[in-house]
Amino acid sequence: MLPAKQRERPSKTAALYLHIPFCAKRCNYCDFYTVAEQEKHIPAYLDALVQEIEIYGKSELWVEQSFSTIYFGGGTPSLLAPDQVERILSTLRNNFHFTQNPEITFEVNPGTTAEKKLQDYADTGINRLSIGVQSFRADELKKLDRLHSVEEAENTVARARKAGIQNLSIDLMFALSGQKPSNWRYSLERAIAMKPEHISAYNLTIENGTPLHQAVKAGIVKPVSELRQRIFYSHTIEYLERHGYKHYEVSNYALPNFESRHNSKYWDGSLYLGLGASAHSFDGDRRFWNVKSFSQYIKNLQDGDLPIIGEENLSPTEKQFEMILLGLRQSRGVSIDDFENRFAIDFREKFQPQLKKLLSQKPPLAKLTNGSLTLTREGWLLCDAVCAEFA
Amino acid sequence: MNINHIRNFCIIAHIDHGKSTLADRFLEVTGTVRAGEMQDQVLDDMDLERERGITIKAHAITMKYESAEKKKYTLNLIDTPGHVDFSYEVSRSLAACEGAILVVDAAQGVEAQTISTLYQAIEGDLTIIPVINKVDLPSAQIDVVKQQIIDLIGCEGEEILLASAKAGTGVTEILEAVIERIPAPEGELDVPLRALVFDSVYDSYRGAIAYIRVVHGEIRTGMNIKFFTTGKVFEVAEVGTLSLKKDPQKSISVGEVGYCIAGIKDVQDTKVGDTIMDSRNPAKEPLPGYREVLPMVYAGMFPTVSEDYEDLRTALDKLRLNDASLVFEPETSVALGFGFRVGFLGLLHMEIVQERLEREYGLDMLTTMPNVEYRVSRADGQMIEVDNPAELPSRGDYDFIEEPFIRAQIIVPKDFIGNVMKLSMDRRGIYKNTSYIDPTRADITYEFPLSEIIFDFFDKLKSMTKGYASFDYDFIGFRKGDLVKLDILINGDPVDALSHIVHKDKAFEWGRKICKKMKEIIPRQMFEVAIQAAIGSKIISRETVRAMRKDVTSKCYGGDISRKRKLLEKQKEGKKRMKQLGKVEIPQDAFLAILKVD
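Line order of the protein sequences matches chains A and B.
First residue of the first sequence: 459, per the working numbering; consecutive thereafter.
First residue of the second sequence: 3, per the working numbering; consecutive thereafter.
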């Protein structure tokens with residue numbers, strides 16, 4: 459019997475994301491959906507999350523998938539007690555198929571992580587931590603509104619190691635207002651001294667609607683010039699590569715074989731199921747997302763409804779563009795064979811003007827090597843402009 | 003209709019002095035419109051006109067009025083355009099009237115545009131009824147304005163009527179004056195037909211509709227008519243008078259005003275100022291005063307996406323059906339591809355055409371810097387007309403260039419005379435004469451090259467005189483000028499659509515300012531962009547748009563790839579509205595940079 463709907467079914471495994479929107483405090487630069495000082499709502503939220511998992515547990519599409527990664531993001535997932543995490547994970551195991559050794563990542567904020575707690579997390583099956591360090595300088599942490607100290611950040615890493623977690627990622631942030639290149643180098647040095655397997659280094663983005671954006675508009679905070687941002691970014695790539703961290707995505711660096719498997723799923727066109735308020739899912743054709751408000755999220759599920767608020771069916775053109783933009787954001791680039799096999803389009807012919815423009819630039823912004831289109835050093839710095847050429 | 007009971011008149015007034023309000027009151031008082039039907043300013047029936055507060059196209063309306071002496075009259079109010087771009091159309095509207103109501107704002111006094119229209123009216127032997135409007139304003143200076151009017155038209159103080167159109171006072175007195183003072187039309191019924199076309203509009207169902215004043219004879223449904231200038235013959239399908247709607251009649255006769263529909267496909271065949279005759283029994287002479295309308299300003303119009311070229315042609319064709327003063331021909335630009343060189347009466351006319359193409363036809367277009375028409379005496383002695391700077395022969399191939407000149411009349415409170423002189427000198431003005439309208443207001447005459455006043459002169463004049471100056475001009479002919487072609491180069495390549503002709507003494511300053519303005523307008527790209535100004539092979543100015551240094555969003559996270567994709571699509575969308583010149587993307591604004599240079 460033929461399936462009711464012929465859909466694109468990559469043989470790839472799928473990814474699962476859980477959003478924990480609660481934070482002890484909202485950071486001034488953050489535009490992710492978070493709810494500060496609302497921890498009392500956590501139990502009701504987790505009930506709803508379990509509900510949502512069980513609804514998808516009845517969906518043929520998602521039950522057929524084999525999930526290879528789970529990611530707890532936030533917000534601050536480390537506000538959850540280990541038994542709450544265990545409850546979620548066991549519900550997941552009861553409802554979906556997982557590969558042998560799934561990557562289970564948990565975002566933690568330093569300062570929310572006693573040694574016992576980390577040990578307990580590890581016991582639930584969590585095998586990767588993403589630690590929101592941001593900076594190893596006290597003045598910068600203060601400027602970023604972070605609650606933790608430099609010492610707590612370092613302690614968290616040490617405790618995680620003690621708890622037996624072998625895959626650690628550190629989040630760092632650069633191009634802070636008034637930051638000197640030497641200040642940034644200091645944070646990078648301290649970071650690699652702790653030998654994390656993975657580093658995410660983000661250029662601070664001033665997002666509309668954040669307190670930081672207000673401060674910039676009011677002239678209280680001076681934004682960092684483009685030239686300085688360029689220097690910070692180039693320096694980061696160079697420094698981390700020199701120390702063995704492969705620059706595998708715009709803002710991500712990893713020791714060999716420690717690339718984030720979960721994030722790579724987003725970027726290689728795999729299916730992903732996002733659970734929790736504001737989480738996004740992708741079924742190969744359709745991207746859909748949940749309501750942002752956690753109270754609305756809870757209410758919908760209490761009523762037995764899925765909390766989906768928006769969706770988008772990707773047109774072939776949109777799929778093509780996503781494949782290119784996500785490919786170009788990774789060092790592996792866009793595989794022309796893969797593209798042509800997937801869309802039955804002659805890549806070089808279709809994008810002839812773009813290729814000519816990018817490859818003939820001095821210095822060139824992209825190159826064609828081993829059948830893939832990848833960015834050059836200069837191209838990385840202008841990644842958005844390069845990607846936009848293909849829109 | 004007894005010809006003695008017809009009055010044909012118009013209202014002469016500066017913008018905002020109350021012409022439309024007064025017309026509305028006439029319609030109410032005569033019962034042509036009931037108060038409930040009243041939409042503000044009934045005569046201005048184009049949206050654009052209403053928005054701009056300018057009457058662009060003349061129309062007419064017939065009102066029935068019973069006088070104080072209980073006699074029944076037909077009053078034909080003919081509307082006149084109120085902008086310098088349309089002065090010829092004004093003259094034809096005036097030619098359809100025997101009288102004019104001069105409306106002057108009690109607070110503002112007489113303005114230049116009013117004066118030029120008034121001159122035309124007096125020259126055409128029209129009876130003038132002076133009215134001071136807005137007499138109830140606290141800032142009204144009735145005595146001062148009265149004296150201005152007396153000095154201007156040489157009337158007696160008691161001939162001047164006082165009114166407040168807004169409040170409705172003095173309106174009946176004006177209508178009574180129209181009957182008493184304006185003569186009935188003169189003309190003969192039993193002679194061959196001669197009717198003046200004072201306006202025409204295009205109706206998609208009925209074709210070109212001519213608005214006419216029958217000067218001699220009679221026009222009847224079914225009759226064969228001939229237009230004098232084109233010689234074309236049509237059969238009259240319908241004639242009628244114009245109340246709020248068209249009111250078909252069997253005929254329109256000597257002295258009357260109305261419309262004529264005759265299956266005419268193109269307004270080019272119903273030219274304003276033309277004479278309609280009886281084709282079987284044509285009059286020997288046309289009515290006097292017809293003039294071919296010549297464009298004063300030219301600009302290139304190019305579709306933003308080249309596939310829209312045919313749509314643009316169709317839209318221009320359709321607009322031309324409605325606008326006999328619009329001329330265009332295909333133009334090819336190296337930079338912009340296929341488009342049209344379009345001639346306009348003036349900058350306002352250009353803006354109106356642009357807006358109509360965008361609004362009514364949904365076209366996305368790029369308009370190049372407007373320029374005037376030049377005459378070039380070639381080395382071989384032949385005189386050619388150049389309406390596109392890109393087509394100017396190279397320096398060795400011509401002897402001299404001539405540019406159009408105008409005579410300008412500027413009316414300004416005497417305290418601002420110094421400012422006006424300074425601005426005029428700046429614009430290569432040649433001072434002619436000053437006279438005084440009253441002890442406080444001067445009427446200054448200058449001659450200018452048209453190119454110097456066409457763009458922002460009036461705005462500058464207004465701002466330098468705190469808004470008090472008023473301005474009008476007439477074309478007076480071509481004169482030799484020391485002119486050069488200024489080219490703009492982008493990354494070394496000249497952009498033909500950006501070339502323009504300037505006076506030699508101004509070339510350096512212009513070059514510098516345009517490069518600077520272009521630098522502000524052209525966004526940074528993935529590489530450096532050089533902007534240069536050149537005269538011949540000599541570079542006179544350079545600016546550089548630095549390359550983008552960093553453009554990369556750090557996060558592409560949480561599965562919300564849609565957001566990232568949409569942001570990039572938007573980034574690209576912004577570029578689509580730009581023109582690609584070689585590798586460089588240029589926003590459309592850049593092609594009008596000259597208009598934005600201070």
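Every residue gets a Cβ at the ideal spot worked out from N, C-alpha and C, and that includes glycine.
- Contact between F797 of chain A and A849 of chain A is ruled out by a C-beta separation of about 16 Å, above the 8 Å threshold.
- Of B:D389, B:Q356 and B:L368, the smallest CA-CA separation from E331 of chain B is found for B:D389.
- With its beta carbon at least 8 Å from every one in chain B, N666 of chain A lies outside the interface.
- Chain A has no Cβ within less than 8 Å of the Cβ of E587 of chain B.
- Nearest Cα to L602 of chain A within the set A:C841, A:G531 and A:L670: A:L670.
- V708 and S709: these are the residues of the stretch 695-721 of chain A whose beta carbon lies less than 7 Å from some beta carbon of chain B, given in chain order.
- Every alpha helix (DSSP H) stretch that sits fully inside the stretch 393-479 of chain B and reaches 4 residues is listed by chain position as 419-428, 452-455 and 459-466.
- Cβ proximity to chain B below 8 Å picks out G531 from the stretch 508-532 of chain A.
- Annotation for D763 of chain A: no alpha helix (DSSP H) segment contains it, and DSSP assigns it neither H nor E.
- At a cut-off of 8 Å between beta carbons, F407 of chain B makes no contact with chain A.
- Nearest in C-alpha terms to G590 of chain A, of all of A:F554, A:S607 and A:D629, is A:D629.
- Within chain B, no C-beta atom comes less than 9 Å from the C-beta of K483 of chain A; the nearest is roughly 20 Å away.
- In the structure shown, the three-state DSSP call for R548 of chain B is coil.
- Within 8 Å of the CB of I524 of chain B, no CB atom of chain A is found; the nearest one sits about 15 Å away.
- When secondary structure is reduced to three states using DSSP, M279 of chain B falls in the strand class.
- With a beta-carbon spacing of about 7 Å, Y438 of chain B and D445 of chain B fall inside the 8 Å limit used to define contacts.
- Listed along chain A, the residues sitting closer than 8 Å to K566 of chain B by beta-carbon distance are L783.
- None of the residues of the stretch 299-312 of chain B has a beta carbon lying less than 9 Å from any beta carbon of chain A.
- In chain order, Y448, E449 and F450 place their CB closer than 8 Å to the CB of I432 of chain B, counting only its own chain and leaving out the 5 sequence neighbours on each side.
- In the three-state scheme derived from DSSP, where H, G and I count as helix and E and B as strand, Q637 of chain A is classed as coil.
- The beta-bridge partner set that DSSP reports for T832 of chain A consists of A:K825.
- Under the three-state reduction of DSSP, Y261 of chain B is assigned to strand.
- Within the stretch 668-686 of chain A, the residues whose Cβ lies closer than 7 Å to some Cβ of chain B are E684 and L685, listed in chain order.
- The shortest C-alpha to C-alpha distance from Y503 of chain A to any of A:F556, A:P774, A:A735 and A:D842 is the one to A:A735.
- Within the model, the alpha-carbon separation for A482 of chain A versus S640 of chain A is close to 31 Å.
- For I80 of chain B, not one C-beta of chain A is nearer than 8 Å to its own C-beta.
- Within the stretch 697-767 of chain A, complete alpha helix (DSSP H) segments of at least 4 residues are found at 719-725 and 752-760, given in chain order.
- For Y660 of chain A, same chain residues with a beta-carbon under 8 Å away, outside a window of 5 residues either side, are D629, L630, M631, F632 and S709 in chain order.
- For W642 of chain A, there are no C-beta contacts with chain B under 8 Å, since the nearest C-beta of that chain is about 14 Å from it.
- The DSSP-derived three-state label of E331 of chain B is strand.
- For E798 of chain A, the enclosing alpha helix (DSSP H) has its first and last residue at I794 to F801.
- At a C-beta separation below 7 Å, C845 of chain A has these neighbours in chain B: L570.
- Under the criterion of beta carbons closer than 8 Å, E360 of chain B and M367 of chain B qualify as touching, at roughly 7 Å.
- For H738 of chain A, a Cβ of chain B is located within less than 8 Å of the residue's own Cβ.
- Membership of V388 of chain B in the beta strand (DSSP E) is indicated by the continuous run M385 to V388.
- Here the alpha carbon of G762 of chain A sits roughly 8 Å from the alpha carbon of Q509 of chain A.
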